[in-house]
Amino acid sequence: MALTAINPTHTTAWKKLTEHFEATKNTSMQELFKKDASRAATFHIQWNDFLVDYSKNRIDATTLKLLVELAEECKLKEAIASYFDGDAINKTENRAVLHTALRSTKNDTVLVDGVNVLPEIYAVKESIKTFTNDVVSGAKKGFTGKAFTDVVNIGIGGSDLGPAMVVESLQFYKNHLNVHFVSNVDGDHVNEVIKKINPETTLFVIVSKTFTTQETLSNAETIREWFLKSASQEDVAKHFVAVSTNIQKVTEFGINPNNIFPMWDWVGGRFSLWSAVGLSISLAVGFDNFDALLNGAHEMDTHFKSADFSENIPVVLALLSIWYNNFYGAESEALIPYTQYLQKLAPYLQQGIMESNGKSVGRDGKVVNYQTGTIIWGEPGTNSQHAFFQLIHQGTKLIPTDFIGYVKPLYGNKDHHDKLMSNFFAQTEALLNGKTEAQVRAEFEKQNITGDKADFLLPFKVFEGNKPTNTILIDKLTPKSLGSLIALYEHKIFVQGVIWNIFSYDQWGVELGKQLANSILEEIETKTVKPHDASTTFLLKHFLKNN
Ligand code: F6P
Numbered sequence: 001m002a003l004t005a006i007n008p009t010h011t012t013a014w015k016k017l018t019e020h021f022e023a024t025k026n027t028s029m030q031e032l033f034k035k036d037a038s039r040a041a042t043f044h045i046q047w048n049d050f051l052v053d054y055s056k057n058r059i060d061a062t063t064l065k066l067l068v069e070l071a072e073e074c075k076l077k078e079a080i081a082s083y084f085d086g087d088a089i090n091k092t093e094n095r096a097v098l099h100t101a102l103r104s105t106k107n108d109t110v111l112v113d114g115v116n117v118l119p120e121i122y123a124v125k126e127s128i129k130t131f132t133n134d135v136v137s138g139a140k141k142g143f144t145g146k147a148f149t150d151v152v153n154i155g156i157g158g159s160d161l162g163p164a165m166v167v168e169s170l171q172f173y174k175n176h177l178n179v180h181f182v183s184n185v186d187g188d189h190v191n192e193v194i195k196k197i198n199p200e201t202t203l204f205v206i207v208s209k210t211f212t213t214q215e216t217l218s219n220a221e222t223i224r225e226w227f228l229k230s231a232s233q234e235d236v237a238k239h240f241v242a243v244s245t246n247i248q249k250v251t252e253f254g255i256n257p258n259n260i261f262p263m264w265d266w267v268g269g270r271f272s273l274w275s276a277v278g279l280s281i282s283l284a285v286g287f288d289n290f291d292a293l294l295n296g297a298h299e300m301d302t303h304f305k306s307a308d309f310s311e312n313i314p315v316v317l318a319l320l321s322i323w324y325n326n327f328y329g330a331e332s333e334a335l336i337p338y339t340q341y342l343q344k345l346a347p348y349l350q351q352g353i354m355e356s357n358g359k360s361v362g363r364d365g366k367v368v369n370y371q372t373g374t375i376i377w378g379e380p381g382t383n384s385q386h387a388f389f390q391l392i393h394q395g396t397k398l399i400p401t402d403f404i405g406y407v408k409p410l411y412g413n414k415d416h417h418d419k420l421m422s423n424f425f426a427q428t429e430a431l432l433n434g435k436t437e438a439q440v441r442a443e444f445e446k447q448n449i450t451g452d453k454a455d456f457l458l459p460f461k462v463f464e465g466n467k468p469t470n471t472i473l474i475d476k477l478t479p480k481s482l483g484s485l486i487a488l489y490e491h492k493i494f495v496q497g498v499i500w501n502i503f504s505y506d507q508w509g510v511e512l513g514k515q516l517a518n519s520i521l522e523e524i525e526t527k528t529v530k531p532h533d534a535s536t537t538f539l540l541k542h543f544l545k546n547n
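This is the structure in structure tokens:
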């Protein structure tokens, strides 16, 4: 069944939410906490080793009730069933959206065009396992008989960001293999990686769902050329493998068919790390850890499918985000992990969130008359505190922020972890409470600041507070908990897309730039500037004259 097309702003719940917003928008969170000392007990969800406290939001019980009504009126329950059942919910490409099947259990049944895809998924998982074990153990060798020491993942977008983020995040669990990522068509990027590797001991994983992506093919060709300076054509088979849906193009590129790990068109690039696209993850941390990552995601899938909306982590976080985006007019959301390991989480989710929900045409084919996808950004704490937190605390923009932290550190360094986490808790408290005039005056008294000086400084030192945050506190960063965390955000994206009545799984907007780049490349190569707008012509002429 396709997703229904319901304009959310035409629902009864939206009307009620609009009235509710008008009635409550001037009530601060500080007042809400004063009125109800048990807010945290009410507005939190405990699931597995996750504690999600969303009490520091501008909501009361009615807000949550109305937001849940909105989800119900937009037929979210039915949409979730269609998503997991493999219906072609990516209607503009006539495809199912089944990254969830990749982490299903072996005995599940997920039908695509009447065929259960689980046996195929498990066959590929088996080949990932065998290949990983052979490379990690050293059984598989390079063209001079040496074991592999390095792996280079060549891909871009979903074929790079997911594996790169997970390999970085799970560094603690890594084996001896050095894993590198080449994505940008900028030749300097590939050359910097080439500098670090030895052709005899490096394995190249070319990842491209379509195998037509300019950046990936250019990088793969450059690397193959470099490799062939030391090795022969037959050696390519020992060092190059590919992950793709496009078997023909991969074979044309010269990759041995036995070295192709297939994927499927019902896996979107930005949700593909659970497939063979995650081969570099498996190589970096071992197959068992890769499998644990998938299991963590599967457990989140089960929670998302079965929990009541008001107890459902992805649903609640999606609804809160809609509350700020569509009623408070917040344009962006920050994501602050309090672990350096997750430094690539925000860039990864930028693709997931913005490529999915950056749409302005509804599922009814009409331009929407309300806001959709949020801007997502972030950096780990505490670094970000010393960079952009000032704007979140005292700027003019409302920036709802997710704080992600862990109860236990990985190396057991208690002193550092206690300091890190004291900052984690302090920031959400400061964002909630701010600092009142009375508190500032009391501080001035202690510091002997009086008179005109005190009056002058006062407005700058007062913090309004009332800044919304969600706290996601997880026991420990493990492959499994990371899998659950990523799946949480994937489902949040889905819920928002359903309610905003958009198609979240295509990305036509990215295609235009690719087409134009191809024709401009021809002009640059032939040094003939064709008609463009005046600015582009001017710039191209300058470039051609000087390059
Ligand atoms: O940027 C657009 C996009 O199609 C992404 O959705 C995708 O992840 C990326 O390009 C790479 O595509 P491919 O895996 O086909 O090379």
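Count the sequence shown with the UniProt record's numbering and you get residues 1 to 547, in order.
Ideal Cβ positions, reconstructed from N, Cα and C, are used throughout, including at glycine.
*Is GLU355 near the ligand F6P, judged by its Cβ being under 7 Å from some heavy atom?*
Taking the first residue of the sequence shown as position 1, residue 355 is located at position 355. Yes, since a heavy atom of the ligand F6P falls inside the 7 Å radius drawn around the Cβ of GLU355.
*Coarse secondary structure for VAL152, derived from DSSP in three states*: What you label residue 152 is simply residue 152 of the sequence shown in a count that begins at 1. Strand.
Inset, instruction - Count the other C-beta atoms from every protein chain shown that fall within 10 angstroms of the C-beta of PHE172, then say buried if there are 16 or more, exposed otherwise. - result: Mapped onto the sequence shown, residue 172 falls at position 172. By the Cβ neighbour-count rule, PHE172 is exposed, with fewer than 16 other Cβ atoms within 10 Å of its own.
Can you tell me where the beta strand (DSSP E) holding TRP14 begins and where it ends? The residue labelled residue 14 in the question sits at position 14 within the sequence shown. No beta strand (DSSP E) holds TRP14; the alpha helix (DSSP H) holding it covers 12 to 24.
Taking contact to mean at least 3 C-beta pairs separated by less than 8 Å, is the stretch 389 to 409 in contact with the stretch 459 to 474?
-> Counting Cβ pairs under 8 Å, three or more are found: they touch.
When ALA71, GLY142, GLN248 are compared against ALA237, the one with the closest alpha-carbon: For the purposes of this step, residue 237 is taken as the residue at position 237 of the sequence shown. Residue GLY142 is the option with its Cα nearest to ALA237.
Query raised in the report: Where DSSP assigns a beta bridge to ASP53, which residues make up the other side?
Result: As a working note, residue 53 is residue 53 in the sequence shown. Looking at the DSSP output, ASP53 bridges to HIS44, THR471.
* To do: Determine, using beta carbons only, whether ASP86 and LEU98 come nearer to each other than 8 Å.
  => Here the question's residue 86 lines up with position 86 in the sequence shown. Here the question's residue 98 lines up with position 98 in the sequence shown. Here the sequence assigns Gly to residue 86, which means Asp is not the residue at that position. Their beta carbons are under 8 Å apart, which means GLY86 touches LEU98 by this criterion.
Can you give the beta carbon distance from ASP177 to ASP150, rounded, assuming they're within the 8 Å contact cut?
-> The residue labelled residue 177 in the question sits at position 177 within the sequence shown. The residue labelled residue 150 in the question sits at position 150 within the sequence shown. Note that residue 177 is Leu in the sequence shown, not Asp. LEU177 to ASP150, Cβ: 7 Å. Contact.
Would you say LYS249 touches the ligand F6P, meaning its beta carbon is less than 7 Å from a heavy atom?
The residue labelled residue 249 in the question sits at position 249 within the sequence shown. The answer is no for LYS249.
*Quick one: is VAL510 buried, meaning 16 or more other Cβ sit within 10 Å of its Cβ, or exposed?*
In the sequence shown, residue 510 corresponds to position 510, counting from 1. Label assigned to VAL510: exposed.
By the DSSP assignment, the beta strand (DSSP E) with GLY405 in it spans what residues?
Residue numbering aside, residue 405 sits at position 405 when the sequence shown is read from its first letter. Boundaries of the beta strand (DSSP E) harbouring GLY405: 401 to 406, taken from the DSSP string.
4-residue-minimum alpha helix (DSSP H) runs that sit fully inside the stretch 339 to 398, ordered along the chain
Listed in chain order, they are 345 to 350, 389 to 394.
query: According to the neighbour-count rule (16 or more other Cβ atoms, all chains shown, within 10 Å of its Cβ), is LYS195 buried or exposed?
result: Along the sequence shown, one-based indexing puts residue 195 at 195. With fewer than 16 neighbouring CB atoms inside 10 Å of its own CB, LYS195 falls in the exposed class.
Handout entry: Nearest neighbour of TYR411, chosen from GLN340, PHE253, PHE84, PHE389 [CA to CA]
Key = Taking the sequence shown and counting its residues from 1, the one referred to as residue 411 is at position 411. Checked all of GLN340, PHE253, PHE84, PHE389; the closest Cα to TYR411 is GLN340.
(request) Could you tell me which residues DSSP pairs with LEU111 in its beta bridges? (result) Residue mapping note: residue 111 aligns to position 111 of the sequence shown, counting from 1. Paired residues: ASN116.
Problem - Three-state secondary structure assigned by DSSP to PRO8 - result: The residue labelled residue 8 in the question sits at position 8 within the sequence shown. Reduced to three states, the DSSP call for PRO8 is helix.
When we look at the beta-carbon of TRP508 and count the other beta-carbons within 10 Å, is it buried (16 or more) or exposed?
Locating residue 508 in the sequence shown gives position 508, where the first residue counts as 1. Exposed, by the Cβ-count rule.
Where VAL179 and VAL166 are concerned, what is the direct C-alpha to C-alpha distance, given to the nearest angstrom?
As a first step, residue 179 is located in the sequence shown; it is residue number 179 there, counting from the start. As a first step, residue 166 is located in the sequence shown; it is residue number 166 there, counting from the start. The alpha-carbon separation between VAL179 and VAL166 amounts to approximately 11 Å.
Beta-bridge pairing of ALA220 - partner residues as DSSP gives them: Residue 220 sits at position 220 when you count from the first residue of the sequence shown. Bridge partners of ALA220: none, in fact.
_For THR210 and SER244, I'd like the C-alpha separation in whole angstroms._
Residue mapping note: residue 210 aligns to position 210 of the sequence shown, counting from 1. Residue mapping note: residue 244 aligns to position 244 of the sequence shown, counting from 1. Rounded to the nearest angstrom, the two C-alpha atoms are 6 Å apart.
Original post:
Anyone know if the C-beta pair for CYS74 and VAL368 falls short of 8 Å?
Top reply: What you label residue 74 is simply residue 74 of the sequence shown in a count that begins at 1. What you label residue 368 is simply residue 368 of the sequence shown in a count that begins at 1. Judged by beta-carbon spacing, VAL368 lies beyond the 8 Å limit of CYS74, meaning their Cβ atoms are not closer than that value.
Quiz item: Hey, is ARG95 close to the ligand F6P, as in C-beta under 7 Å from one of its heavy atoms?
Solution: Residue numbering aside, residue 95 sits at position 95 when the sequence shown is read from its first letter. Not so, every heavy atom of the ligand F6P lies at least 7 Å from the Cβ.
Exercise. By DSSP, does PRO262 sit in helix, in strand, or in coil?
Worked result: Start at 1 with the first residue of the sequence shown, and residue 262 comes out as number 262. In the structure shown, PRO262 sits in a strand (DSSP, three-state: E or B).
Query raised in the report: Using the C-alpha atoms, what's the distance from THR63 back to ALA23?
Result: Position 23 of the sequence shown holds residue 23. Position 63 of the sequence shown holds residue 63. For ALA23 and THR63, the gap between their C-alpha atoms comes out near 11 Å.
Anticipated Cβ contact below 8 Å, LEU431 with THR469, distance rounded: Here the question's residue 431 lines up with position 431 in the sequence shown. Here the question's residue 469 lines up with position 469 in the sequence shown. So it is a contact: roughly 5 Å between Cβ atoms.
Checklist entry - So ASN181 is in the alpha helix (DSSP H); what residue range does that whole segment cover? => result If you number the sequence shown from 1, residue 181 lands on position 181. The sequence given here places Phe at residue 181; Asn does not occur at that position. Note, PHE181: premise wrong, no alpha helix (DSSP H); beta strand (DSSP E) at 178 to 182.
Can you confirm whether the stretch 373 to 382 touches the stretch 325 to 338 when touching is taken to mean that 3 or more C-beta pairs between the two stretches lie within less than 8 Å? Verdict: yes, contact present.
Checklist entry - So ALA276 packs on PHE261, CB below 8 Å; how close in whole Å? => result Translated into positions along the sequence shown, residue 276 becomes position 276. Translated into positions along the sequence shown, residue 261 becomes position 261. At roughly 4 Å, the Cβ-Cβ gap stays under 8 Å, so ALA276 and PHE261 are in contact.
Worksheet item: When DSSP labels each residue in this structure, what does LEU66 get in the three-state scheme?
Response: Here the question's residue 66 lines up with position 66 in the sequence shown. In the structure shown, LEU66 sits in a helix (DSSP, three-state: H, G or I).
Is the beta carbon of PHE444 less than 8 Å from the beta carbon of THR436?
As a position in the sequence shown, residue 444 is number 444, starting the count at 1. As a position in the sequence shown, residue 436 is number 436, starting the count at 1. It is not a contact, given that the beta carbons lie outside the stated cut-off.
Practice task
Tell me whether GLU355 is buried or exposed, calling it buried when 16 or more other Cβ atoms sit within 10 Å of its Cβ.
Solution key: Here residue 355 is taken as the residue at index 355 of the sequence shown, counted from 1. Classification of GLU355: buried, given that the 10 Å Cβ count is 16 or more.
Inter-residue CB distance, VAL207 and ASN153 (contact presumed, cutoff 8 Å) = In the sequence shown, the residue the question calls residue 207 occupies position 207. In the sequence shown, the residue the question calls residue 153 occupies position 153. Cβ-Cβ separation between VAL207 and ASN153: approximately 6 Å, consistent with a contact (criterion under 8 Å).
message: So for ASN518, helix, strand or coil by DSSP?
response: Position 518 of the sequence shown, counted from the start, is the residue given in the question as residue 518. If DSSP states are grouped into helix, strand and coil, ASN518 belongs with the helices.
task = Could you pull the start and end residues of the alpha helix (DSSP H) that ALA79 belongs to?
result = Counting from 1 along the sequence shown, the entry for residue 79 is found at position 79. It spans 76 to 85 - the alpha helix (DSSP H) in which ALA79 sits, taken as one unbroken run.
_C-beta atoms of VAL136 and GLY286 nearer than 8 Å_ = As a position in the sequence shown, residue 136 is number 136, starting the count at 1. As a position in the sequence shown, residue 286 is number 286, starting the count at 1. The answer is yes: Cβ separation under 8 Å.
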